[in-house]
Structures are given as structure tokens and as C-alpha cells.
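The structure appears below as C-alpha cells.
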Amino acid sequence: MSLDVLFKPESIAVIGASAKAQRAGGVVIKNLLLGGFQGTILPVHPRYKSVNGILCYRSVSELPFAPDLAILCTRGSRNVELFTELSVIGVKIVIVMASDMTLDVEYPAIKNDKPHSVETSLIDEASQLTPLKSLEQQCIDIAKNSGMRVLGSNSLGILLPWQNFNASFSPVNCKPGKLAFISQSSAVCTTILDWANDKNIGFSAFISLGNGADIDFDDLLDYLARDSKTESILLYVDSIRDARRFMSAARATSRNRRILVLKAGRSRTNSMGSLTDSTLSLDIVYDSAIQRAGMLRVNNTHELFAAVETLTHSVPLRGERLAIITNGMGPALMALDTLSDRGGKLAELSQTTLHNLSQVLPATWSQSNPIDLVGDATAQRYIQAINCVLDSDDIDAILIMHSPSAVSESEGTAQQVIETLRTHPKSKRFNILTNWSGEATAKQARLLFTENGIPTYRTPESAVTAFMHLVDYRRNQWQLMETPTTTDSYSSEQLSRAHDWLSSHTSQQQSPEHITLLESHLCEQLFDLFKLPVLKTWLAHDPSEAIHLAEQIGYPVALKLRSPDIPHKSDIHGVMLNLRDLNEVSSAAQSILDRTTLSYPNAKIEGLTVQKMAKVAGGQEIRIKAVTDPTFGPALFIGQGGSDWNISKEAVTALPPLNTALARYLIVGAINNGTLRFHKSPNPINLAKLAEFIVKVSQIIVACPEIYELDIHPLLLNGDDITILDASIAVRPFSGDPQARLAIRPYPTEVEETITLKDQSQILLRPIKPEDEPLHADFINNVTKEDLYKRFFSDVGEFNHEALANLTQIDYDREMAFVAVDASRAQQRIIGVSRVLVNPDNSDAEFAILIRSDLKGVGLGRVLMQKIIDYCVAKQTLKISGMTMPTNRGMLTLAQKLGFELDVQFEDGVADMVLKLR
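Numbered according to full-length UniProt numbering, the sequence shown spans residues 1 to 918.
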């Protein structure tokens, strides 16, 4: 059901309405009245005749009509009965404020009244007890059966200032604005409201999710993405229930709305990411998910407030080069430290800019960036320096800093700076931030900046942190838009053989949770199937067999202990390297076994593995690990590794599926933050090759749901060469949809097919890929302006990178574009595209088709249309709809032949096409 009723109700029932001001029902009624709600308010309470002068009804059944929205201000124990009554009269949305809804309640089903013995009756009664269900789950079951939607439980309510609608338990109201806020915490809601009122920041919507048992982040993001009053969205997140739906909605919304996320619970998450029973997600996986969706994460409420102020008042960042203008080098150095710590970039001033600054500043100025105006800087000196910087092309953003000074009074200087920025013709091209330090002397100046829409901060560190929010947000957005290069995927034969191999190593008789750990010598077989470079491993049961193998392999060799009970062999010196003859092998083998027996007398020892020493000279080792996160599913981690590796602090992570662009971002990010530390070498690491390897590992994880955990430790990098030296894989039985465990739906290979057209030419019909951008650009260039006008209902110019990225980088979970690829030529070309966008509740799918203008009449349109219909039927979508122009006779004729209902409106210049599927 659409959430329109939640955001635009015409009637509200307040159940548990109260005349007592401190009760939830009293506060909600008061807020509705004081907020100016223009619809009908229906209080419900068995003991009141009226509440706040409004006629009160004794029960839900006595209501004169079914309200759009019902707010339950009652104890949780009453709500199952109330939900039943509300479902009978046809209420559409229910807001539940009770916080005691998660208690498990066991209740009996209807008993069989036939006579039984006492013993039999007891057995029957026990068998007919419904399993434990919380009050909340019982209410949700009732709601689903009747088509109701539920906000809560434990919700503070909803405030919609533009509609004078305050249906909340909040003691504070809010002002109209362009910022939407969604929170799982009621306490955070009231804190944010209080701060926003102090800062004169308004909201388009303010929503308390509570437990989010039904209406959740994804529903609200989908709605707010289309809301004209909303420009930015704030999320306070404790945890995510459905990662796939959250990621899908967030990725779609972040393309046209700024989204900031404050995620709590860093200290409560599982820190090791190993084979544990923890149900808590790694915090860095949340980081990765937020970044992947194009959102911005902030670490605390202070950063959240700063980020809101920055993003609310800032133009989109055109680059990352920051110039700092200051009257004191000390504060500027503090700003520089923060900039360096967060990976920011200080602008390098050109000779022209340096010359222009020297013409207006004293000889003692810093002669570089930061631009130190010296301690006796007047307001006039500030103005001259700012004008020089605004006239420069060396800079993207400016931080103007001011420390208390006897010669440049704080408020007066701020006023002149504001006037300069207002009148300079180029100032709108830059992101301007200010830091007026001090308390009493600077407070009024900061207020002036705020009133004039210029972000301002109390400290140098907070100002730079705010700037880096802009930078990080821009980087995350660019990740969504970067065109990857192609990495060959695995063949169906390879995947089939891999699944057979994995099945042979999983215990089908065991429970689905049973995990089998496979060590390096077995992993090598799987890596060989996927043609991954792995160092060959041989097995030895005792020192004499190790010597025999070493003689055959050739020296030098490495020996490693084989024991499933000892995960970190190096802790007991269970790994011996560079053994150069049989004496060294014999001695090392016996020493390993003796140490193991002494340190772990009860450990199972399976012998030793023997490997030829890899060429490590000039090489560098890293570790790659795949872990199944309880919230987001499989996640890849990269770092330096080691036996005491803590991936929550010493790794970077990404959610599969990955392409080469995302893998490259991951590597560069790890290098920039010091997670990967590559030393200088005459044979530098080929980062492009490493990115390709990471993509291949990602493809294995996506394609093989039996892999619960994969650990490559270490991976040797040496120039262009990549070699797996050691690895382990944890496998367990898997049944069901393998894609369902992934937070982001991968490329759907299963819908690819080859089609023969009327002219006997063959085409490959497949989903569009991000790397199709160049092919799609060429395709657009071969469509006439007339055909483009019919498709887009307007004249379209040249498609830039951003426009093409939006067309090729789609979310396969809610959107599909099929491309017809002519593969008969040496160079592939796209000759047609059919596109369908399914709304969040799967009730309607909007389609569009475009074909190369020189390839009409060969049946391609029908093929592309039928592909869309088949896709929507499989997805169980209710109907398909589209729009074209009345003059597009070809499209209308095809739609009619395929069973679409047509509604041609000549006066409006549109023709609607609808096909009901079920």
C-alpha cells in the first residue's frame, strides 16, 4: 500500500486519547490541535465524552467512519485487540507508540471439543498452542492480512511542518524546511528537534520509526525521493533489518537526494569477523554499505549537526582543493592536521595567485597556502586576500579563519566578509566555510554567517571536518558514476564443477549451520577450477615423507603444520621457510611436531604441508578475507593480515558484487588510510591486476553460496605476478535462492538469451552493465532526434557521463534494462534497449523501448517488449504501464497486439498503455 495516507491523512483517530496533559494520548491531541491539522480528529476513550473540546468515542466500533490514520497511545497488551477492530473497519495506517510490544506471549489456538481421555486432551492442547509470538508480531500479522501499514512500535510519531501536521509525542515542534529526518530512536528525535530549532533549521518531514516492524527506512526513502519539499535526508540508524531493501532504496534515493547517516553501536559489534555465533554486524561493513549507496556517514551528533549545516548551505563541491585564509598560523596548523588525518587536499597556489596576494599583503605573509595574513590583519586585508583567491583557478573551496584580534573586530570583519562574498561575481563557484574562534567575542559573528547561509564553526577542526564531509560525499557519489572495465566472468562449466566440488565437501546430513573448514591443500583444488594463481601444496604425514617431497619439488621449500585445531600456526612456529636441504627439512619437521605436541597435547595433527618457496624478493604480502555478515551477507576484507589481524580496525571492506572500478576504489582507499602499506620496490605492484583478482574473488563468493568464509593468507604481490600462498575455506550446506543472501543483487546472468530476428541475424539479449556506457553512447548517436523525442517527450542534447551512468548503472533489484547486442561484428554494438522500472510495492512497472533508427522492421521491438513482459511475470508484478505519443503508431500497434489496453488522448498529446498481468 502507498504511504500517501501517512503523509497526507484527512482523518485521524487517537486511540487512548486523554484529557491528562502528561499522558501520551493527551500530548498527541494537543500537538494535533496546536500544529493546526485541518482534517478530522477522532479521540477514542471509554471514559471521556470529549477531549480538548472534541467529541470522544467509547470504542473503535463506535467511530462514525474509518479514519485514514489511527494512533495507538495505549498499553501494548491492548493492541492485538485494537488491531483486530481497526482491520475490521478498514483503517489504512496505524502508528504504535507503545514500547512494551516485544514481549513474547503464548496463547492457545481453538481447541477440539470432542471427548478425549485426560491424557489425550493434555497432548492435544499442548499441540494446539501457537508458538511464542510477541505482541508486536501478532499485530503485524493482523495488519498484513488486512492490508494495513504500521509505523512502530515504540514510535514517537510523525511531524510534517509543511502540512501543519504534528501527530507525535514530542514536546518540541519543528519548522518547515527542506530536510527530512528518520530515526529509530525517540530520544535522538527530541535532541535533533531541539538543536534544529536553536539553529533555525526546518524539516520537510520528521519521522520516528521506532522498531520499524513494518514501515522501515526503505519505504520512507522511496517516498521522500519523490517529495518536492525534501532536498536532503538524515537517518539515525541502530540496525538494519532487511539489507537488500535498504541498499536498494538508499542507492536509488541518493542519486537525487543527499543522505546523511548517523550509525550508533560501534562498540557493540563483533570485532573479529571470524567464525563466531555473533549476530552483530561489523561496524566497517555498515561503513562500506553506506559508502556504496552514495550516502555520507557521520560519527557522532556533533558531526551530524556540522554536516547538516554544511550540506544545507553548500553548493555541490566541484573539487577537493582547499585554500585557508587566516590571521593566525597556529589555528591554521590545527586545521591542516585534521585535513591530513582525514585524507584531504590543500590547494597549491600558482605563481600568478602568489604574485597577486603579494601585491596586497605585507611582506611577512606566509607566501603559501595556508594564507597567513599575520596577526595585525585588518578587515580590509581579509577582503583583499579573499578577492585574490576568488579570482584564482587554483582553488575549489575556501576556509576563512579568524582569531580574536584588537585590529579586526570580530563582528565587523564578518560583516565585511559577508558583503564581499555576496557581491563578488565568482563566489558562487566556491564552497565557503568560516571559522570564527572565541566565545563571547565571536558569537554574534557566527550568527551573522548563519543568517546569511554561510556555514560557520567554532573550531578549526570542526570546520575542516565539515569540509571533508563534502569531499567524502562527493567521492561516494562519484563511485556511483564511474564506468568500470570488463573482467571476464566464469563459465557455466566452471561454476558447475565448482558447485559439485563444494557439495562433495559439505556435510548434507548435518544441519545447515554445520561448518566444515578446508585447509590450503584442498582450497588449491577449488582455485584451480577458477584458474586462480596458487602455489602448489603437497601433503606429508611425517618428517621422512616431507623430506621425500622436498627432494622431488626442489629446494628451497616451506613446511607448515596441518591441524584443524590450531588456526594460527605461526603462533607456535608451525611455519618454517627457506629450508635448503634435507637436513633442514628433517630438523624443521620434527621441531614443528614436537612443539605442537608440547603446546597443544590434545590437538589433532594431520601432518605437514610442503610447498616450494615462492619468489618473495621484492614481493609484498596482503590478506583477503570473505566473511558472511549477519546483516549484509558476504563482505570482502583487505589488509596486511597477520595472526592477530583485527579486521574491524585493520582492514577495508566492500560488499560484493564488485567491478574493477569499485575494487580500485577499495585498494586506493586502503593505501590512503594506511591499511595497505606497500614499500618501494624495483618491481612495483600492478594495482590494476590486483583489482582484477579482487573482482574474481568477488565473483566466486557471489556464485558459490556454499562458501561461508574464505581466507587468503597471504596473497603474494610481485609486479604483475599474484600468487596465493596459503588459504582456508569454511563451507556449509546451502539451499534456496543464492542471490537472496547478498545485500546488492548481482548481474542476473540467468536472464541472458540468444534470439534470432526476422532477417535471420542473431542477437544477445542481456541485462545492461555499467561498462556498457561507451556502447550505449554510440547507440544513442544512432537514434534520430525524432525517435529520441518520442522516447523522452522532449528535445535531448548530448548525453554526458552522468546521464549515461544513470542509464547503465542500474539496481537489478528494482529496475531492469535489456540490451540487444549485435555480436556478429568484430566490435559489439547495442542496437536496442528495453527498460522497466518497478515501483517499490511491485504493483506497477513503467516501461520504455528504444531501437536504432536504421534497424526498424526486423522484429526487434516485439522481442524487447516480450522480454519485459516475461521479466515482470516472473517478478509477479501486477501490471505494466507505459506512455508514448499518439503519433508513435509502431509502438501503439505493437502494444495492442501484445494485449495492452490503450488510452489515446490527442488533446494532451499522450497515449497510455497498460497490461494487467494478474
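From the three backbone atoms N, C-alpha and C, an ideal C-beta is built for every residue, glycine too.
The structure presented is a predicted model; accordingly, all values stated were derived computationally and were not measured.
Checklist entry - Are there 16 or more other CB atoms within 10 angstroms of the CB of D772, so buried, or fewer, so exposed? => result buried
Checklist entry - R245 to D908, Cα distance in whole Å? => result R245 and D908: Cα-Cα distance of roughly 37 Å.
Next on the checklist: Going by the DSSP bridge assignment, what does F203 pair with across the sheet?
Outcome noted: Answer by DSSP bridge pairing, in chain order: L179.
Checklist entry - Cβ of V702 within 8 Å of Cβ of P733? => result no
Item to check | Close-in-space but distant-in-sequence residues of the same chain around A826 (CB under 6 Å, 5 per side omitted) | outcome: none
Checklist entry - For I54, which option in G26, D391, V668, N79 has the closest C-alpha, if you only look at C-alpha atoms? => result G26
Item to check | Selection from Y457, S824, L878, L532 that minimises the alpha carbon distance to N839 | outcome: L878
Item to check | Reduced DSSP secondary structure (H/G/I, E/B, other) of Y107 | outcome: With a pLDDT of 48 at Y107, under the threshold of 50, the predicted position of this residue should be treated as unreliable, though the coordinate-derived value follows. When secondary structure is reduced to three states using DSSP, Y107 falls in the coil class, being assigned neither helix nor strand.
Next on the checklist: Can you tell me where the beta strand (DSSP E) holding G797 begins and where it ends?
Outcome noted: That residue, G797, is in no beta strand (DSSP E); it is neither H nor E in DSSP.
Checklist entry - Does the distance from the C-beta atom of L354 to that of L339 stay below 8 Å? => result no
Checklist entry - In the structure shown, what three-state DSSP assignment does H355 receive? => result Collapsing the DSSP output to three states places H355 in a helix.
Item to check | Identity of the residue in Q184, L333, K856 nearest L262 by Cα | outcome: Q184
Next on the checklist: Please report the distance separating the alpha-carbon of I400 from that of Q477.
Outcome noted: 26 Å
Next on the checklist: What does the Cβ neighbour count give for L526, buried or exposed, with the cut at 16 atoms within 10 Å?
Outcome noted: L526 is buried by the Cβ-count criterion.
Next on the checklist: So, with DSSP's three-state summary, where would you put I566?
Outcome noted: Coil at I566, not helix or strand.
Next on the checklist: For a minimum of 3 consecutive residues, which ranges assigned as the beta strand (DSSP E) are wholly contained in the stretch 239-268?
Outcome noted: Secondary structure within the stretch 239-268: the beta strand (DSSP E) runs of 3 or more consecutive residues, fully enclosed, are 258-263 (chain order).
Checklist entry - What three-state label does DSSP hand H713 in the structure shown? => result strand
Next on the checklist: In this structure, how does DSSP classify H521 when only helix, strand and coil are distinguished?
Outcome noted: For H521, the three-state secondary structure derived from DSSP is helix.
Item to check | Inter-residue CB distance, A243 and F632 (contact presumed, cutoff 8 Å) | outcome: 5 Å
Item to check | CA-to-CA distance, P362 to L282, given in whole angstroms | outcome: Counting only the Cα atoms, P362 lies some 53 Å from L282.
Next on the checklist: Here's the rule I'm using: 16 or more other beta-carbon atoms within 10 Å means buried, otherwise exposed. How should A21 be labelled?
Outcome noted: exposed
Checklist entry - Just to confirm, are L917 and A823 a CB contact at a threshold of 8 Å? => result no
Item to check | Burial state of G328, where buried means 16 or more other Cβ atoms lie within 10 Å | outcome: buried
Checklist entry - Could one say the Cβ of L495 lies closer than 8 Å to chain B's Cβ atoms, at least one of them? => result The question asks about chain B, but that chain is absent: this structure has only one protein chain.
Checklist entry - Which same chain residues, not among the five before or five after K30, have their C-beta less than 8 Å away from its C-beta? => result Contacts found: A21, N52.
Checklist entry - Touching or not, the stretch 705-720 and the stretch 606-624, by the rule of three or more beta carbon pairs under 8 Å? => result yes
Checklist entry - Should T653 go down as buried or exposed, given a rule of 16 or more other Cβ atoms within 10 Å for buried? => result In this structure T653 is buried. Its beta-carbon is surrounded by 16 or more other beta-carbon atoms within 10 angstroms.
Checklist entry - So is G412 buried or exposed if we call it buried at 16+ other beta carbons inside 10 Å? => result exposed
Next on the checklist: Give me, in chain order, the residues of the same chain whose beta-carbon lies closer than 6 Å to that of P601; leave out the 5 immediate sequence neighbours on both sides.
Outcome noted: none
Checklist entry - Mapping DSSP to helix, strand and coil, what is Y600? => result Coil, per DSSP.
Checklist entry - Mind checking T756: buried by the 16 CB within 10 Å criterion, or exposed? => result exposed
Next on the checklist: My assumption, with CB atoms under 8 Å, is that L448 sits in contact with A397. Please give the rounded CB distance.
Outcome noted: Contact doesn't hold; Cβ gap of about 20 Å is too wide.
Item to check | Residues near T537 by beta carbon distance below 7 Å, same chain, minus five either side | outcome: S520, H521, E524, T609, Q611
Checklist entry - To the nearest whole angstrom, what separates the beta carbons of L892 and L902, a pair I think is in contact under 8 Å? => result 6 Å
Checklist entry - According to the neighbour-count rule (16 or more other Cβ atoms, all chains shown, within 10 Å of its Cβ), is A70 buried or exposed? => result With at least 16 other beta carbons inside 10 angstroms of its own, A70 counts as buried.
Item to check | Residue range of the beta strand (DSSP E) that includes A820 | outcome: 815-822
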